[in-house]
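In this note's numbering, the protein residues as written are 96 to 593. Accompanying notes for the structure given below.
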């Protein structure tokens with residue numbers, strides 16, 4: 096049943112006329128399925144009630160009422176429900192929602208894996224006397240929509256606001272889209288809730304001439320996960336579907352040859368113009384995925400790597416190897432482009448305080464602007480910033496006025512691992528400006544330990560990279576929403592352990 100028996104709509108005519116809430120009537124009941132943590136899945140009956148004055152109908156989680164523009168919407172009650180209705184006939188216990196969320200965050204489980212996990216371990220499929228209605232098997236789209244709805248309700252509960260969704264929608268995922276976009280805008284404006292996190296692993300205190308001072312630290316790096324984006328370099332416009340190559344403003348480029356610098360129109364049924372060289376390039380591209388050519392390429396590479404006498408002659412046919420690419424070779428893009436990477440800013444304790452999507456490349460200008468957005472004032476900048484390419488970033492900032500001033504009080508240091516293994520000993524500039532040993536506070540000779548964990552971002556990247564298979568086909572709104580939610584949940588787990 097709904098949690099209340101009277102109409103709570105402040106715009107209800109009965110309330111406006113009498114200053115009293117109207118009682119609810121006209122019960123409607125139907126059979127649904129409840130999925131629980133301890134008792135499996137079993138059928139239930141759910142009932143809704145209606146206010147005859149304003150026609151608002153009250154359900155277990157929300158009230159369906161009419162807005163000022165005469166459209167109907169679902170206004171969810173404040174706070175977190177104990178039972179969550181994600182579809183008309185699907186209800187979930189809140190504890191089970193928490194388990195699904197934790198399973199996704201900690202085990203990188205996909206929606207289909209989570210559904211299978213429930214059926215194999217928790218569903219209790221041997222319950223008797225369930226009547227003529229059997230709870231349906233969970234599908235991946237049910238789990239995905241449940242994750243999104245639960246996260247939205249959690250967000251609004253923490254903010255003291257109410258979630259409002261359109262009542263009319265083609266699917267539950269479509270119904271949630273606008274609310275997720277609003278949540279993304281909130282995150283872009285306010286950042287992760289742990290942005291100001293500080294603990295003993297993030298800051299260290301030192302004595303200098305009898306006075307105590309503090310050093311704060313952050314680490315940044317990129318992880319190569321992404322989603323489909325417009326094929327135009329650095330275009331940030333969203334795609335209409337995850338199968339299109341171009342966004343709407345660049346959609347006319349579908350009619351042009353896919354070879355770079357060629358503006359000729361495409362031939363019907365092809366992505367190139369009438370040029371034989373361009374057509375051959377297209378045919379080679381689509382032939383590359385065929386099994387015969389793939390196996391031939393692997394065989395040729397194996398032959399080139401083996402020394403004479405190592406491999407017996409099996410009488411296998413030989414064929415010409417594909418030529419190496421040169422700068423003069425034609426370049427084309429026949430498939431989709433994906434965003435380049437996700438850039439993270441992590442505290443040495445492992446808390447992720449910011450994330451940003453880079454479209455074209457992890458360029459120095461992009462990194463500098465991203466960090467400037469994460470730390471908008473000079474006082475908010477960390478005292479020490481580890482980054483594997485800080486030597487080039489240091490050079491880039493030199494002589495660039497305001498942005499150089501923004502970083503002027505921050506030590507730009509290459510993390511220990513990359514400095515030892517990936518930077519040349521002949522690089523005098525890097526050794527002079529970005530060597531971690533050049534900063535005495537960063538190393539304790541007595542304990543022979545580094546002050547901060549400069550590999551924190553690499554560790555966070557390894558965790559985030561495991562979501563690549565889950566997010567690689569997502570469109571921007573859910574991609575941003577999902578990543579921000581799993582980062583938020585992981586941060587909370589880490590804070591509880593600190």
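Where a beta carbon is used, it is the ideal one built from N, C-alpha and C, also for glycine. Keep in mind that this is a model prediction, so the values were computed, not measured.
Look at residue i and residue j and say whether their C-beta atoms are less than 8 angstroms apart.
i	j	result
residue 450	residue 582	yes
residue 320	residue 508	no
residue 155	residue 195	no
residue 544	residue 431	no
residue 589	residue 318	no
residue 262	residue 322	no
residue 109	residue 148	yes
residue 619	residue 292	Because residue 619 is not part of the residues shown, which for the chain are 96 to 593, the question remains open.
residue 489	residue 435	no
residue 373	residue 352	yes
residue 473	residue 426	no
residue 104	residue 173	no
residue 500	residue 462	no
residue 342	residue 433	no
residue 506	residue 534	yes
residue 369	residue 362	yes
residue 138	residue 231	no
residue 153	residue 118	no
residue 198	residue 209	yes
residue 162	residue 219	no
residue 459	residue 495	no
residue 228	residue 188	no
From the DSSP output, read off the bridge partner residues of residue i.
i	result
residue 324	432
residue 366	Answer by DSSP bridge pairing: none, since residue 366 is not bridged.
residue 161	167
residue 529	None; residue 529 has no bridge partner.
residue 545	538
residue 564	According to DSSP, which records beta bridges pairwise, residue 564 is partnered with nothing at all.
residue 124	142
residue 506	479
residue 360	351
residue 110	Per DSSP, none; premise fails for residue 110.
residue 101	118
residue 137	129
residue 310	299
residue 616	Past the edges of the chain, shown from 96 to 593, lies residue 616, and the structure says nothing about it.
residue 449	440
residue 427	354
residue 152	145 and 159
Please report the Cβ distance between residue i and residue j, rounded to the nearest whole angstrom; I am assuming they are in contact, meaning their Cβ atoms lie under 8 angstroms.
i	j	result
residue 145	residue 112	18 angstroms between Cβ atoms; not a contact.
residue 344	residue 571	With 8 angstroms as the limit, residue 344 and residue 571 do not qualify as a contact, their Cβ atoms being about 15 angstroms apart.
residue 132	residue 183	Their Cβ separation, rounded to whole angstroms, is 22 angstroms, which puts residue 132 and residue 183 out of contact at 8 angstroms.
residue 315	residue 480	7 angstroms
residue 141	residue 125	7 angstroms
residue 200	residue 573	With 8 angstroms as the limit, residue 200 and residue 573 do not qualify as a contact, their Cβ atoms being about 16 angstroms apart.
residue 273	residue 258	Actually they are not in contact, since the Cβ atoms of residue 273 and residue 258 sit about 11 angstroms apart, beyond 8 angstroms.
residue 185	residue 127	7 angstroms
residue 510	residue 478	Not quite, the Cβ-Cβ distance comes to about 15 angstroms (not below 8 angstroms), so this is no contact.
residue 279	residue 575	5 angstroms
residue 366	residue 378	Wrong, their Cβ atoms sit about 11 angstroms apart, outside the cutoff.
In its own chain, which residues sit with a C-beta less than 6 angstroms from the C-beta of residue i, not counting the 5 before and 5 after it?
i	result
residue 415	For residue 415, the predicted structure reports a pLDDT of 48, less than 50, and the residue's modelled location is therefore unreliable. A value from the coordinates is still provided. There are no such residues.
residue 547	312 and 443
residue 240	181, 267 and 268
residue 470	476
residue 417	Because residue 417 carries a pLDDT of 49, less than 50, the predicted location of this residue cannot be relied on, and the following value inherits that uncertainty. Contacts found: none.
residue 348	341
residue 300	307 and 309
residue 287	448
residue 355	426
Between residue i and the rest of its own chain, which residues show a CB-CB distance below 8 angstroms, the 5 nearest in sequence each way excluded?
i	result
residue 403	Residue confidence for residue 403 is low, a pLDDT of 48 falling below 50, so the modelled location carries little weight; the figure read from the coordinates is stated next. None.
residue 335	342 and 343
residue 569	322, 337 and 577
residue 350	360 and 361
residue 456	435
residue 244	179, 181, 267 and 271
residue 467	498 and 501
For residue i, which residues of its own chain have a beta-carbon under 7 angstroms away from its beta-carbon, when the five flanking residues on both sides are left out?
i	result
residue 593	294 and 444
residue 116	101, 102, 103 and 110
residue 297	311, 312, 442, 443 and 444
residue 157	169, 170, 171 and 172
residue 428	326 and 353
Inside the region 179-233 only - beta strand (DSSP E) runs reaching at least 3 residues: 185-188
Completely contained beta strand (DSSP E) runs for the region 243-296, where each covers 3 or more residues: 259-261
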